[in-house]
Amino acid sequence: MKPTSLSLHPAFKLNGLDFSSPEEVLNFTDNLLEEGNEQEISVAKFIEKWLDFTEEITVHTSGSTGKPKKIQLTKQQMVNSAKATGTYFKTGPGTKTLLCIPAEFIAGKMMVVRAMVLGWDLHVVQPTKDALVEYDNDYDFVAMVPYQVSHSLQALPKVKKLIIGGGTIPARLEEQLQDIDVEAFATYGMTETITHVAVRRVNGFARSDVYTALPDVRFSQDDRECLIIDAPKISDKKIVTNDLVALKSATSFQWLGRWDNVINSGGIKLFPETIEAKLSEEVQLPFIIASEKDEELGERVILVYEGAETDTPDFNKIFTALAPFEKPKKVYRLSRFVYTETGKIKRGDVLQVLRKYR
493 MKPTSLSLHP
503 AFKLNGLDFS
513 SPEEVLNFTD
523 NLLEEGNEQE
533 ISVAKFIEKW
543 LDFTEEITVH
553 TSGSTGKPKK
563 IQLTKQQMVN
573 SAKATGTYFK
583 TGPGTKTLLC
593 IPAEFIAGKM
603 MVVRAMVLGW
613 DLHVVQPTKD
623 ALVEYDNDYD
633 FVAMVPYQVS
643 HSLQALPKVK
653 KLIIGGGTIP
663 ARLEEQLQDI
673 DVEAFATYGM
683 TETITHVAVR
693 RVNGFARSDV
703 YTALPDVRFS
713 QDDRECLIID
723 APKISDKKIV
733 TNDLVALKSA
743 TSFQWLGRWD
753 NVINSGGIKL
763 FPETIEAKLS
773 EEVQLPFIIA
783 SEKDEELGER
793 VILVYEGAET
803 DTPDFNKIFT
813 ALAPFEKPKK
823 VYRLSRFVYT
833 ETGKIKRGDV
843 LQVLRKYR
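Rendered as structure tokens:
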């Protein structure tokens with residue numbers, strides 16, 4: 493296989509090694525395929541696909557909001573996405589970065605693409621919950637999921653800029669980040685947008701609940717007040733989402749929740765994600781806010797949590813943080829939730845299980 497040199501930056505390093513040509517990169521990936529761990533093998537397979545003559549890459553959605561599906565992305569679109577990230581975060585050649593999220597999904601793949609396109613020094617490790625803790629190196633730019641961040645708080649000062657994606661950041665975790673010397677950002681995006689198209693600072697003097705667009709991205713709303721993304725460099729058409737937002741400008745918005753999850757209780761529109769954020773500090777077990785039919789209200793708010801029979805939180809005390817119309821009218825327990833491979837709760841599947849055993 494003769495490799496291409498598609499945006500392979502001469503400063504690109506992988507696990508501390510320099511490469512003078514795409515051929516040298518492929519020789520190294522051949523070694524990883526034979527001797528590497530599961531994460532390194534995923535990276536090697538992706539790099540080989542990246543350096544062949546095809547113009548597209550096939551990726552899979554996580555399945556957190558529906559059945560996982562295949563999506564075709566052009567390599568040029570992925571290059572454009574990588575350059576937008578580099579511009580926004582000012583991360584040029586020589587940026588030292590850690591890949592500690594799964595390389596088989598789009599977020600991990602894009603860390604590899606950014607390294608190759610922007611000339612980063614990429615270190616690949618297994619995507620464990622405390623991967624950052626296990627290594628003494630300092631890093632300029634790291635991507636993690638909230639679960640990893642919560643298990644790496646003491647090690648975060650080793651990171652200059654941290655992006656957090658793959659799920660909502662619990663309120664408690666966001667508060668814990670306030671006293672840590674790291675520039676932490678929440679990201680907004682999806683597989684269709686080739687990871688993030690907007691970010692918000694979650695700690696420090698620039699902390700905000702408003703997401704700001706990356707370069708060449710614009711926002712609008714449809715008649716449901718859901719976000720529409722116009723990003724011509726990464727998508728050939730506008731992307732209509734099911735995310736309800738308060739649009740602040742053509743380049744900024746406040747995220748409210750998913751249109752699919754909205755609860756209409758007695759004529760009041762409630763956002764489960766907003767209620768979950770209020771309860772996240774008090775409920776230490778995995779949980780979701782949802783609804784069920786009610787003769788008087790139309791829909792009533794419920795809480796479903798994952799736990800053993802001996803796990804009995806004092807919900808009467810916990811619910812004092814909520815407005816009267818937000819308080820769940822029923823609480824249900826399941827011994828096990830259904831999760832995606834990336835650790836997101838699959839709300840639809842959880843509620844289906846609940847209906848089966850209720």
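Residue numbering for the sequence shown follows my numbering, beginning at 493 and increasing consecutively. Note that beta-carbon positions come from the ideal geometry of N, C-alpha and C, so glycine has one too.
6 Å Cβ shell around residue i - same chain, five flanking residues per side excluded
| i | result |
| --- | --- |
| LYS494 | Annotation note: pLDDT 44 at LYS494 (below 50); position unreliable, coordinate value reported separately. Hits under 6 Å: none found. |
| ASP753 | A quick correction: the sequence has Asn, not Asp, at residue 753. Hits under 6 Å: PRO764. |
| TRP751 | ARG716, CYS718, ASN734, LEU736 |
| GLY681 | THR687, HIS688, VAL689 |
| GLU773 | ALA663, ARG664 |
| THR583 | PHE633 |
| GLN670 | ASN695 |
Straight-line Cα distance separating residue j from residue i
| i | j | result |
| --- | --- | --- |
| ASN695 | GLU788 | 42 Å |
| GLU784 | ASP628 | 49 Å |
| THR802 | PRO820 | 21 Å |
| ILE726 | VAL732 | 14 Å |
| SER534 | LEU826 | 34 Å |
| ALA663 | LEU771 | 8 Å |
| GLN844 | GLU791 | 17 Å |
| LYS838 | TRP612 | 34 Å |
| PRO816 | ILE760 | 12 Å |
| LEU509 | LYS601 | 19 Å |
| VAL604 | ASP806 | 45 Å |
| ILE661 | PHE538 | 29 Å |
| VAL674 | VAL641 | 12 Å |
| GLU596 | THR834 | 10 Å |
| ALA782 | ILE794 | 5 Å |
| LYS561 | THR553 | 6 Å |
| GLY840 | THR832 | 12 Å |
| PHE581 | GLU818 | 38 Å |
| LEU846 | ARG828 | 11 Å |
Cβ neighbours of residue i in the same chain (closer than 8 Å, five flanking residues each side left out)
| i | result |
| --- | --- |
| THR496 | For THR496, the predicted model reports a pLDDT of 49, less than 50, meaning its position is unreliable and no value from the coordinates is stated. |
| ASP786 | SER757, ARG792, LYS821 |
| LEU777 | TYR797, GLU798, GLY799, ASP803, PRO805 |
| VAL462 | The structure shown does not extend to residue 462, since the chain spans only 493 to 850, so no value can be given for it. |
| GLN569 | ILE686, LYS725, ILE726, SER727 |
Beta-carbon proximity check, residue i vs residue j, cutoff 7 Å
| i | j | result |
| --- | --- | --- |
| ALA705 | THR743 | yes |
| ALA676 | PRO585 | no |
| THR521 | GLU547 | no |
| ILE593 | ALA635 | yes |
| LEU610 | GLY578 | yes |
| ARG710 | SER700 | no |
| TYR797 | PHE811 | no |
| LEU524 | GLU532 | yes |
| ALA576 | ARG606 | no |
| LEU565 | LEU591 | no |
| LYS650 | ASP630 | yes |
| VAL830 | VAL842 | yes |
| LEU748 | ILE755 | no |
| ILE598 | VAL637 | no |
| ALA623 | VAL616 | no |
| LYS836 | GLY659 | yes |
| ILE470 | THR683 | Any answer about residue 470 is impossible in this case: the structure gives the chain only from 493 up to 850. |
| LEU500 | MET608 | yes |
First through last residue of the beta strand (DSSP E) which encompasses residue i
| i | result |
| --- | --- |
| PHE511 | Neither: PHE511 is in no beta strand (DSSP E) and is coded neither H nor E. |
| LEU795 | 790-798 |
| GLN564 | 562-566 |
| GLN746 | 744-750 |
| ASN593 | As written in the sequence, residue 593 is Ile, which differs from the Asn given in the question. Unbroken run through ILE593: none, as it is neither H nor E. |
| SER712 | 710-713 |
| ASP613 | 613-616 |
| VAL551 | 548-552 |
| ALA738 | 731-741 |
| ILE760 | 760-762 |
| ASP630 | No beta strand (DSSP E) contains ASP630, which DSSP labels as neither H nor E. |
| ILE720 | 718-722 |
| SER757 | 755-757 |
Neighbour flag for residue i against chain D, beta carbons, 7 Å
| i | result |
| --- | --- |
| GLY696 | Protein chain content of the structure displayed is limited to a single chain, and chain D is not contained in it. |
Continuous alpha helix (DSSP H) stretch holding residue i: start and end
| i | result |
| --- | --- |
| ILE539 | 530-542 |
| LYS848 | 839-849 |
| ILE598 | 598-610 |
| ASP642 | First, the amino acid is wrong: residue 642 is Ser here, not Asp. That run of the alpha helix (DSSP H) goes 638-642. |
Proximity test, residue i beta-carbon vs the ligand HEM heavy atom, cut-off 6 Å
| i | result |
| --- | --- |
| VAL691 | Inclusion of the ligand HEM in the displayed structure is not the case, the ligand content being empty and no account of it being possible. |
Close beta carbons around residue i, own chain, < 7 Å, minus the five adjacent residues each side
| i | result |
| --- | --- |
| LEU814 | ILE767, LYS770 |
| ASP714 | ILE720, VAL732 |
| LYS621 | TYR639, GLN640, HIS643 |
| ALA723 | THR685, VAL689, ASP708, VAL709 |
Can you list the beta strand (DSSP E) stretches of 3 or more residues lying completely in the stretch 651-708, in chain order? 651-656, 675-682, 687-693, 703-705
Which complete beta strand (DSSP E) runs does the stretch 764-833 hold, if anything under 3 residues is left out? 779-786, 790-798, 822-826
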